[in-house]
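Worksheet: the structure to be examined is printed underneath.
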Amino acid sequence: MTNPGEATPERLIENGQMRRVPSPKLALFDKLGFLPPELCQDLIALIDRDRRPSTIADSDGDHYFRTSETCDLAADEPAVRDLEERLLALNGIDPAHGEPIQGQRYSAGQEFKAHTDYFEPNGADFEKFCNVAGNRTWTFMIYLNAVDAGGATRFKVLGKTFQPEIGKLVCWNNKRPDGSLNAASLHHGMKVRKGVKYVITKWYREKPWG
Numbered sequence: 003m004t005n006p007g008e009a010t011p012e013r014l015i016e017n018g019q020m021r022r023v024p025s026p027k028l029a030l031f032d033k034l035g036f037l038p039p040e041l042c043q044d045l046i047a048l049i050d051r052d053r054r055p056s057t058i059a060d061s062d063g064d065h066y067f068r069t070s071e072t073c074d075l076a077a078d079e080p081a082v083r084d085l086e087e088r089l090l091a092l093n094g095i096d097p098a099h100g101e102p103i104q105g106q107r108y109s110a111g112q113e114f115k116a117h118t119d120y121f122e123p124n125g126a127d128f129e130k131f132c133n134v135a136g137n138r139t140w141t142f143m144i145y146l147n148a149v150d151a152g153g154a155t156r157f158k159v160l161g162k163t164f165q166p167e168i169g170k171l172v173c174w175n176n177k178r179p180d181g182s183l184n185a186a187s188l189h190h191g192m193k194v195r196k197g198v199k200y201v202i203t204k205w206y207r208e209k210p211w212g
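Under our numbering, read the sequence shown as residues 3 to 212, first letter to last.
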């Protein structure tokens, strides 16, 4: 039986008509036009209203590792409720296992260097972030706009790169089928060369959030 904090590749393909990257190393999917342009614009406005400098767990002292801005989107916003309903219909993951939706903004020159979304069990911040809800299972990331130049997401281990497009969804399982953490999920939010990039990220956990 599937953990309520996880999706299955079969459900994503059947319910969402998603494309799977042909690799045995990682369950990685994308879907064009997952969100309509109007909803993307509403979410961009929310990000611009509340953005703040992004942070990372287990920092190695590289102050240029993640240079974007971030905001937590309020669950009672109509645009956020709409997004949550669309995600639930797609992935069937128990909403109780979801973190609050985050929005990110990358201006020219900003990036998020190669990283994984799960928390390293031996990391200094593991207990702080995982003692209640456990580690991250799935990541659902949505581009809200096209970018003039740069800003792609590169999965180096797979040799796969996704370009930002309005409403495009990219999602992946941060674990292997045996439940172990999957280092092949390493990905790089590449530097924006021209323009601005807006992204939505929804993470799910092994146990109910909070």
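We treat Cβ as the ideally placed atom computed from N, Cα and C, and that holds for glycine.
As the structure is a prediction and not an experimental result, all values here were calculated from the model.
Beta-carbon spacing of residue i, residue j below 8 Å
{"i": "R207", "j": "N137", "result": "yes"}
{"i": "T69", "j": "Q112", "result": "yes"}
{"i": "T10", "j": "Q104", "result": "no"}
{"i": "V23", "j": "S109", "result": "no"}
{"i": "A151", "j": "P166", "result": "no"}
{"i": "I168", "j": "W140", "result": "no"}
{"i": "N147", "j": "I49", "result": "no"}
{"i": "K177", "j": "L171", "result": "no"}
{"i": "H99", "j": "G7", "result": "yes"}
{"i": "Y200", "j": "R107", "result": "yes"}
{"i": "L75", "j": "P102", "result": "yes"}
{"i": "W205", "j": "D84", "result": "no"}
N-terminal and C-terminal residue of the alpha helix (DSSP H) that residue i is part of
{"i": "V82", "result": "P80 to N93"}
{"i": "G136", "result": "From DSSP, G136 is part of no alpha helix (DSSP H); its letter is neither H nor E."}
{"i": "L37", "result": "First-last for L37: undefined, no H or E at that position."}
{"i": "L14", "result": "P11 to G18"}
Residue i in three-state terms, based on DSSP
{"i": "P55", "result": "strand"}
{"i": "N175", "result": "strand"}
{"i": "K162", "result": "strand"}
{"i": "L183", "result": "strand"}
{"i": "K209", "result": "coil"}
{"i": "T203", "result": "strand"}
{"i": "E71", "result": "strand"}
{"i": "L30", "result": "strand"}
{"i": "I144", "result": "strand"}
{"i": "S61", "result": "Summary for S61: the model assigns pLDDT 49, below 50, so the residue's position carries little reliability, and this model does not support an answer."}
{"i": "M3", "result": "Any reading at M3 must be qualified, since the residue scores a pLDDT of 45, below 50, and its modelled position is unreliable; no value is offered."}
{"i": "A151", "result": "strand"}
For residue j and residue i, the rounded distance between their alpha carbons
{"i": "F121", "j": "G212", "result": "16 Å"}
{"i": "L41", "j": "D127", "result": "34 Å"}
{"i": "S187", "j": "Q19", "result": "22 Å"}
{"i": "D78", "j": "E71", "result": "22 Å"}
{"i": "V194", "j": "N93", "result": "30 Å"}
{"i": "V134", "j": "Y145", "result": "29 Å"}
{"i": "L37", "j": "V149", "result": "17 Å"}
{"i": "A185", "j": "E12", "result": "22 Å"}
{"i": "G191", "j": "R54", "result": "18 Å"}
{"i": "E16", "j": "M143", "result": "19 Å"}
{"i": "E86", "j": "Q43", "result": "16 Å"}
{"i": "N175", "j": "E129", "result": "21 Å"}
{"i": "P2", "j": "A91", "result": "Because the chain here runs from 3 to 212, residue 2 falls outside it and cannot be looked at."}
{"i": "N34", "j": "C173", "result": "Going by the sequence as given, residue 34 is Leu instead of Asn. About 12 Å."}
{"i": "L89", "j": "L30", "result": "16 Å"}
{"i": "L82", "j": "L160", "result": "Note on residue identity: the sequence assigns Val, not Leu, to residue 82. Between V82 and L160, the C-alpha separation is close to 32 Å."}
{"i": "R21", "j": "L14", "result": "9 Å"}
Residue range of the beta strand (DSSP E) that includes residue i
{"i": "G191", "result": "H189 to G191"}
{"i": "E113", "result": "It is not in any beta strand (DSSP E) - E113 carries neither H nor E in the DSSP assignment."}
{"i": "G105", "result": "Q104 to Y108"}
{"i": "F157", "result": "T155 to F157"}
{"i": "K196", "result": "V194 to K196"}
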